[in-house]
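Visitor:
Numbering (the working numbering), first residue to last: 492 to 962.
1) Between the segment 608-617 and the segment 850-862, can you find at least three pairs of beta-carbon atoms closer than 8 Å?
2) Determine whether the beta carbon atoms of residue 620 and residue 681 lie at a separation below 8 Å.
3) Using a Cβ distance threshold of 8 Å, determine whether the segment 668-681 contacts the segment 535-542, with at least three qualifying pairs required.
4) Using CA coordinates, which residue listed in 829, 809, 830 is at the minimum distance from residue 820?
5) If you compare alpha carbons, which of 836, 915, 781, 804 is closest to residue 865?
6) Tell me the residue span of the alpha helix (DSSP H) that contains residue 611.
7) Contact between the segment 587-598 and the segment 646-659: three or more CB pairs below 8 Å?
8) To the nearest angstrom, how far is the alpha carbon of residue 894 from that of residue 880?
9) Measure the Cβ-Cβ separation of residue 891 and residue 921 and say whether it is below 8 Å.
10) Tell me which residue opens and which closes the alpha helix (DSSP H) that residue 652 is part of.
11) Of the choices 911, 875, 876, whose alpha-carbon is the least far from that of residue 883?
12) Under a CB-based cut-off of 8 Å, is residue 659 close to chain D?
13) Should residue 466 go down as buried or exposed, given a rule of 16 or more other Cβ atoms within 10 Å for buried?
14) Do residue 804 and residue 775 count as a contact pair if the criterion is CB distance below 8 Å?
15) When you compare the CB positions of residue 714 and residue 543, do they come within less than 8 Å of one another, or not?
16) Smallest Cα separation from residue 746: which of 514, 677, 507?
17) Whose CA, out of 847, 608, 845, lies closest to the CA of residue 685?
18) Which whole-angstrom value describes the C-beta separation of residue 559 and residue 701, a residue pair presumed to lie in contact below a C-beta threshold of 8 Å?
19) Helix, strand or coil, according to DSSP, for residue 828 in the structure here?
20) Taking its Cβ as the centre, do 16 or more other Cβ atoms sit within 10 Å of residue 555, making it buried, or is it exposed?
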């Protein structure tokens, strides 16, 4: 049994043959370079090395297994489904779970809005079965094909995401073509009765159970596999470790790539995006931008909510914040965000049906958090991040007076300019200028040579505010 092939970014980067930092760019590079499919005969397809049909089919011999404490059955969670739309002739590719019912039947979940649901509902209306083939155990990138919508035939996405020609083979009991190098396939049909049997509960990607609901029944007509088949399962919907689940990492990478593309078209200089997989699906996105004009953080929030339905919370930070560093993120949220000014709330927006906080509603609210500093005020001392200074430059001045004669200076710059070890003599020299009535300071704390009353430091210009007022 193989599990968690997409359980972290390192594994996905290996599948894409790139670095973790370059995953988003590689995602769109693959999409922009379609690759061909090559159909091979059944006797050359590894997935057809073993073929079981008719009454010899026995799904109970396959590794369906319990996955969560309150699941309604034992499950196979790695299935990728392939169907051909009877009306258009185009292949649709998706992914969904299978719950064991008996030797020949499973339940499957076709409730969320999808192309498969649309195709199947049209078949029900015509009183027709819908042939379908599932692969279980496939190239890790096939899941990206299964979760990406394309206007045309989606089978080609298998080769496109792999970045090379991909072999396909016709199913044994239908005309559906599937990857010839898969580990196993389950062929059959969804019957014409429609949503006829209860399915679930099941531990969903949000980390909570999807409730029992009516779903179609899959009837298996053939099982094919490699002789040395590796059975595959996904880690899915495990609440305390959602960031390790295949579904969260796959959807997270896709959302990050989409977010960066949207940001590049919306703001002048996006720096980074990070989807928090542990939030459940694609609920929480962090963004870092370099502000170039007023209102860019809100522009980013609006564009992202409009372009990616899955997002629920968006946090926008300045470029000086490492959005992967929890400490820096908490610091920026605590010091650059005011709820009455920087919170963007959108109401009545379509939400994800698996979000338990919707309480069964179709729509909900989304929130954007502008955690950026006020634009155009970068040089103001109250907005500068404080940190120790490293003294590296050589001494340039002989005296404090000579240093200040070159222009206003911060205390640490005077210390560095004189080559002082610790600055104590600088403090004394500044006091001598103060006693002589020749020292002043501006609101950012820089020292100036300027006229003042002897013994009193002069003030250059207005101060920011007086914290003593009103106390």
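All residues carry an ideal CB built from backbone N, CA and C; glycine is no exception.
Guide: A quick look at the data gives this:
1) Taking 8 Å as the limit for Cβ pairs, the verdict is that the segment 608-617 does not touch the segment 850-862.
2) The answer is yes: Cβ separation under 8 Å.
3) Between the segment 668-681 and the segment 535-542 there are three or more C-beta pairs closer than 8 Å, enough to call the two in contact.
4) Of 829, 809, 830, the residue nearest in Cα terms is 809.
5) Answer by Cα proximity: 781.
6) Note, residue 611: alpha helix (DSSP H), 606-617.
7) Pairwise C-beta distances place the segment 587-598 out of contact with the segment 646-659, as fewer than three of them are shorter than 8 Å.
8) One C-alpha to the other measures close to 18 Å.
9) It is a contact, given that the beta carbons lie within the stated cut-off.
10) 647-653 is the extent of the alpha helix (DSSP H) around residue 652.
11) With distances taken between Cα atoms, residue 883 lies closest to 911.
12) Absence of chain D from the displayed structure is noted, only one protein chain being present.
13) With the chain covering only 492 through 962, there is no way to say anything about residue 466.
14) Yes, Cβ-Cβ distance for residue 775 and residue 804 is below 8 Å.
15) With contacts defined by Cβ atoms closer than 8 Å, residue 714 and residue 543 form a contacting pair.
16) Of the candidates 514, 677, 507, the one whose C-alpha sits nearest the C-alpha of residue 746 is 514.
17) Nearest to residue 685 by C-alpha distance, out of 847, 608, 845, is 608.
18) So it is not a contact: roughly 10 Å between Cβ atoms.
19) In this structure, residue 828 counts as coil in the three-state DSSP scheme.
20) Counting every other CB atom within 10 Å of its CB across the protein chains shown gives residue 555 a total of 16 or more, marking it as buried.
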